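Structure first, commentary second.
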Amino acid sequence: MQIPKPSEEDKARFRALVPDDPRVQVKPMFGNLGAFVNGNMFMGLFGSDIGIKLAPADKAEFGVIDGVGPFGPAERPMGGYLTLPPSMASALSNHWIVRSLDHVAAMPPKK
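With positions in the sequence shown counted from 1, the corresponding number in this note's numbering is that position plus 18.
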């Protein structure tokens, strides 16, 4: 499995979309980045793709938007995560990212 490397522009786009919330921590992951709350990842960067983890109902609603697809390696996408379309407006992206943060923040902290 080949793990794509993000460009500096990809990393900057990711960081710009991470909510300004004191609970959020951005960490490197396999040459990419992840945004975590309570030790659980709610948003990730995989090459140029940004993925978010959503509750099942939100995932069903988000999944029908044009350009949304699986997140992670094609041969083994990450369960529960979907990719933000690169063309999605920032305001709409932020709406879904906050829903992801809220969903994952409600999960038990990772030990």
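Backbone N, C-alpha and C define an ideal beta-carbon position, used for all residues, glycine too.
Values in this document were obtained by computation on a predicted structure and should not be read as measured data.
Per DSSP, L100 lies in no alpha helix (DSSP H); the unbroken beta strand (DSSP E) holding it starts and ends at 99-101. For P46, DSSP records a beta bridge to L51.
Taking every protein chain shown into account, the CB of R94 has fewer than 16 other CB atoms within 10 angstroms, so this residue is exposed.
When rounded, the separation of the alpha-carbon atoms in A124 and N58 is 10 Å. It is roughly 9 Å from the alpha-carbon of F54 to the alpha-carbon of G62.
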